[in-house]
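Read in order, the letters of the sequence shown are residues -18 to -1, 1 to 1083 in mature numbering (1 follows the signal peptide of the UniProt record, and there is no 0).
Note that beta-carbon positions come from the ideal geometry of N, C-alpha and C, so glycine has one too.
Since the structure comes first, as structure tokens, the remarks are kept for the end.
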Amino acid sequence: MKRVGLFAALTVIPFASAQSSLYGQCGGIGWTGATTCVSGSVCTVLNSYYSQCLPGAASSSESSASSAPVPSTSTVAPSPTSSAPSSTPTTVTGFVKTSGQKFVLNGDTFTVAGTNAYWLAQEMDADIDTAFNDIVTAGLTTVRTWGFNDVTTPQEYGAYYQLWTDGVATFNTGDYGISRFDAVVASAKSHGVRLIVSLTNNWSDYGGMDVYVSQLNPGGTHDTFYTDATVIAAYKNYISEFVGRYEDEPTIMAWELANEPRCSGSTGSVSAACDTTGSTIAAWASEISAYIKSIDSNHLVAIGDEGWFEWTDPPTYPYAPGVGIDFDTNLAIPTLDFGTLHSYPESWGQSANESLWGVQWIADHANSQKTANKPVLIEEFGVTTNQEEIYTGWYNEIISSGMTGDLIWQAGSELSTGPSPQDGYAIYPSNTVYTLQESAAAALKARGPVGLQNITPFSVPPHVGLHIYDTYKNELTTGLNHYPFSRDVFDQIKRYEPEITKQPEWDTACSAFRAFEKDAETAIRSLVQQVNSKPRHSQLYGVSSASEAIRSVKPKLSLGRHAMQSLQKYLIFLRFRNRDTYAKLLKLASEGCLFLRDRNADLSRFQRLRPGDNRRESMTDWKELLKSFIIFFSTDPSQHRTTSFVHECIHRRYENIQDAEICIGLASEPDEYILSAACFGVVEEDGAGNLNDSFYYFFPISPHLTLYMLIEAPFVNSPTSFSHFLDHDAPVPSFLDHDVESSVDVYQRNALLLQTLPRYLIFVSSRSMMRTLTYYNERRWLPENLDYSKLLRGCREESVTHMLLVKASIEVIDLTDEVTLIGKHAISFGSFADIWKGVWSNRQEKGKNLVALKVLRAHLDGNKQERLLERLKTEVKAWYRLEHPHVAKLYGVMQHSNSLAMVSPWCENGTIVKYLRESNPDADRLQLLYEIASGVSYLHSCDPVVVHGDLKGCNILIDAGGHAIITDFGLAKVKEVSEVSELRSSLFAGSTRWMAPELLLAQVEDDRKPPISTFSDVYAFASVCLEVLTGQLPYAKRRNDHGVIMDILNGVKPTSGIQVDIDDSKTEELWSMINECWDKIPRARPGMEKMCDCLKRVRSK
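Following this line, the structure appears as structure tokens:
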């Protein structure tokens, strides 16, 4: 893309100080700045040209980097080259290569998911590191940056690599020359990021081609850069110097000949000699790429062009713009390893529909990629408005079309001097589009064939396992991770004719189906990825709106044309393959009569052969049938108006099939969709629909996601009607609706599957299946339908064990059936759990009790959630065995698919802080403190010891009798697991004021786990005493955690800023003991038994 205002965007690089800062440069060829590092870091040689201050302590054996030679600037000549950096840290090993349409690294696929950061070399070392930290955190692997900056006068600030004076170019090896690019390479290396480096620019930003032309061919047009022998020689000189320097550096992934080469540049000057259809630049690209290969065989080479086509009948301007680039011709050049394209529909005159135009642009280049069998990158793309919506569609097309990779223009960073250059396209970590980029990178890495089970994917975490019910045998099997009915797509054909597997058509058909299935899986993964990344309203335990229908709501999801057509085509095939029409088709083929009649006839017109009819060899029909499948799987239907018989069987039932709508239904916890061996069901409200006559289908993909395919009108029999949605030029919807379905909707879908009398039923939650069966039994439409009473008994037997399974056995009462929530929303929210109010119908005592339910959040990623549940297993078990009047009792738990709720007594008076402030200011505060102390003392006396870990006023409740009740004990370690990755001001949000110094110090130093102990509980208890006695928070004068942290680390007591009245011996003894609890040395603090004794004495005085 054309850039403007070069130096307005550059960051001023300050002169070196006496000592280099942490991660600052401290040596290397050409370095004239400080060669010693600040305390705590050591000058480490990363390569011949760059040494950096890295954390560590210097030893006597380490030498200063100042001894490295410091050459001055040198005039570029064709022959001499600088030596290349030699060291290769373990973060970057091996050179990226190509294999067909993908990149490979050390034998494995290398995913290019990245960004452009042309400005990197202009920044300070610390800011370069910040940028790469953001890039790596986002999951990106590759950065494209500029490897050029040509100037005609020395700059006072900013790096430049070539100074031109009177037609002579001088390569800059000074302080702000090539050493700045060394810094970029070193930082990329340390972060494990690969670089794509452009070597000049079509535009005047950073000098570029026009400087070469103006210096060496004054008065010449821009395009003479490609043809003038003197200019070409000078450019080769620069390449020799720059490329030769990094010849053996694997951090460099590829060199690009230029950024966006065209016949004309910033000046607009161009001669008639430049072939606007592409031959001039193609010849230049062949020559320069061959030259680079001659001096550097390690790295890949690309042009760096925008991907312009030269189509004979172009649909829009970029398909034949006449700017001197022909993408397909250039991609065929043998010394170019991969192709590139850019996408800027706004500035290219395609603003009428940027989203769809960009999708088609990507799809067409993906087709060229497949034809050339070379990787293709969309290495620049951007719009300035509606970024999230448009990029979602583009990312989906990139992933589903098989395009090798992408580099957004541009992912920025917040640097020490402010944000990196913003040109209207830049996104930053705080931007929602940045999150979209992260999700797209993850999806791109995950792309690839995995194999769908029984044609449709049914994704369940491996540790959860499946329940599979065999309706023929009345057997329920649990904990499986495989499908007993899984078989090859053509398994039934093989059973009819085993010898068919020896025919070439068999292998071709199987391969075609695998490719067909992979495209559909990619589309489904894209949808699942989008659904998971879209925040939705939390609907606990099936609480939802009263809508009984499939609802179309925003936000919407999108797929590219290729992905949408692949998915539609796949679902249509699935419906055909798993219904009785397919069985009839195979029966006809087995009798040798399949292709004797009109190939365009409806299947229902085929009859069995009468005795004496001419009968064809059965194997011939099987081969013809497989050929028909191959055509369907691998061919664009618009190219086959005279379609095969199988094509007709699959599609001919619908007149307006191009209007088929795909939408997504979501099931909220604990509702789940079930799956049958048929993989699809029919949406009919009365359940009486026939599989062959219906036009509304649903396809369960996972327990919580199902796809709907809705077709409006039946087909009017006419063999000439071929205008269906699989045609290449048919309209493709831009968005797919999705919404959370009500519980009734989910159970109705499940009941509709039960109605079809399937051989196998697959589900995860026995509780959800029980609810499905209850719904089914209440609304069974036909008396002859299957009786699922044995399955219902099996689910009940599993559920009524009243044992919670969280990766291991925990003997805790399961109250899921006995607790009812009050209200539709939580009454309070914590950092890792929400509090709900409920009623427990105690069956043993035949009474009802108000209860509090602490519900763990279910939004954590799989790894963190598994660790959380594993930790919770121990803590809940410890809580359940506790018995003390001032320790909250754990009644039991409520099961939840992805989480659980802990059920404990409801304390109507709320927290002790609220109770003393609003309900009963005259309460006996010493009595309350004694009750708290006795409860904590009890915890510390247990075997094994129970450490509360998060004592503070809001974790102490007051029951109906006005007594203190300690809650949330033992959950500190669970909270630690649940913390998300971003930096926090305290170990647990909101707890800093009660934290013992050793806990805070461990967090600040970040080199060990916080030493939560009985001693830290004692410290926190003293701060609770301060709250109760004074009504003020610890460190009351501090308004935020940062100030509190400074006070704690500086040894300031929690009473700072609080007036404490000590007017008698009673209060004096108590405050003296409280101050002992705040001792910096943990073991010097008194135990909780001593605190109980003290409070007992003080109360009695």
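Start and end residues, alpha helix (DSSP H) containing residue i
i	result
residue 477	473 to 478
residue 832	Looking at the DSSP string, residue 832 is not in any alpha helix (DSSP H); the run it does join, the beta strand (DSSP E), is 829 to 838.
residue 196	191 to 198
residue 913	907 to 923
residue 755	748 to 760
residue 338	336 to 354
residue 377	369 to 383
residue 119	107 to 119
residue 310	309 to 313
Per-residue burial, residue i [other beta carbons within 10 Å of its own, 16 or more giving buried]
i	result
residue 927	exposed
residue 404	exposed
residue 30	For residue 30, the predicted model reports a pLDDT of 49, less than 50, meaning its position is unreliable; a value from the coordinates is still stated below. Residue 30 comes out buried.
residue 215	exposed
residue 453	buried
residue 787	No answer about residue 787 holds up, because its pLDDT of 39 lies below 50 and its placement is not dependable.
residue 1050	exposed
residue 789	Only weak support is given to the placement of residue 789: the predicted model assigns it a pLDDT of 32, under 50, and the value that follows is read from those uncertain coordinates. Under this definition residue 789 is an exposed residue.
residue 977	buried
residue 1065	exposed
residue 555	buried
residue 559	buried
residue 1024	exposed
residue 390	buried
residue 1026	buried
residue 838	buried
residue 986	exposed
Boundaries of the beta strand (DSSP E) in which residue i is found, first to last residue
i	result
residue 79	79 to 81
residue 1	Looking at the DSSP string, residue 1 is not in any beta strand (DSSP E), and its letter there is neither H nor E.
residue 822	815 to 824
residue 238	234 to 238
residue 137	Careful: residue 137 lies outside any beta strand (DSSP E) and carries neither H nor E.
residue 266	Run containing residue 266: none in the beta strand (DSSP E); it sits in the alpha helix (DSSP H), 261 to 277.
residue 737	Premise fails: residue 737 lies in the alpha helix (DSSP H), 725 to 737, not in any beta strand (DSSP E).
residue 98	94 to 98
residue 801	801 to 804
residue 886	882 to 887
residue 948	946 to 948
residue 938	938 to 940
residue 742	742 to 745
Beta-bridge partners of residue i, as assigned by DSSP
i	result
residue 176	124
residue 84	81
residue 360	323, 388
residue 691	644, 679
residue 552	Residue 552 is not bridged to any residue.
residue 457	452
residue 146	151
residue 396	401
residue 570	According to DSSP, residue 570 bridges with nothing at all.
residue 1085	Lying outside -18 to 1083, the shown extent of the chain, residue 1085 is not represented and no answer is given.
residue 282	236
The ligand ATP heavy atom lying under 8 Å from the CB of residue i
i	result
residue 898	As far as ligands go, the structure on display features none, and thus does not contain the ligand ATP.
Margin query: Could you check whether the stretch 353 to 362 touches the stretch 157 to 177, counting it as contact only if at least three pairs of C-beta atoms, one from each stretch, sit closer than 8 Å?
Written below: Counting Cβ pairs under 8 Å, fewer than three are found: no touch.
Item checked: contact_flag[the stretch 256 to 264, the stretch 306 to 325] where n(CB pairs < 8 Å) is 3 or more -> In this structure the stretch 256 to 264 touches the stretch 306 to 325; the number of beta carbon pairs closer than 8 Å is three or more.
Check: Quick one: complete beta strand (DSSP E) runs, 3+ long, within the stretch 1000 to 1078?
Finding: List check, beta strand (DSSP E) in window: nothing returned.
Checklist line | At least 3 beta-carbon pairs within less than 8 Å: the stretch 997 to 1016 vs the stretch 928 to 945 | finding: Flag = yes, the stretch 997 to 1016 and the stretch 928 to 945 touch.
Check: Can you find at least 3 beta carbon pairs, one from the stretch 277 to 294 and one from the stretch 313 to 326, that sit closer than 8 Å?
Finding: Yes: at least three Cβ pairs fall under 8 Å.
Checklist line | the stretch 284 to 304 contacting the stretch 324 to 344, beta-carbon criterion three pairs below 8 Å | finding: The stretch 324 to 344 and the stretch 284 to 304 touch, with three or more beta-carbon pairs separated by less than 8 Å.
Next item on the list: Determine, using beta-carbon pairs with one atom in the stretch 492 to 505 and one in the stretch 541 to 560, whether at least three such pairs fall under 8 Å.
Entry: The answer is yes - the stretch 541 to 560 touches the stretch 492 to 505, with three or more Cβ pairs under 8 Å.
Notebook entry, point to check: For the stretch 85 to 94 against the stretch 148 to 158, are there 3 or more C-beta pairs whose distance is under 8 Å?
Noted result: They do not touch, by the three-pair rule.
Next item on the list: Spell out a yes or no on whether the stretch 648 to 668 and the stretch 722 to 731 are touching, meaning 3 or more CB-CB pairs, one atom from each, closer than 8 Å.
Entry: Cβ pair count under 8 Å is three or more, so yes.
Notebook entry, point to check: Taking one C-beta from the stretch 181 to 192 and one from the stretch 216 to 236 each time, how about it: are there three or more such pairs within less than 8 Å?
Noted result: With a cut-off of 8 Å on Cβ pairs, the stretch 181 to 192 is in contact with the stretch 216 to 236, counting three or more such pairs.
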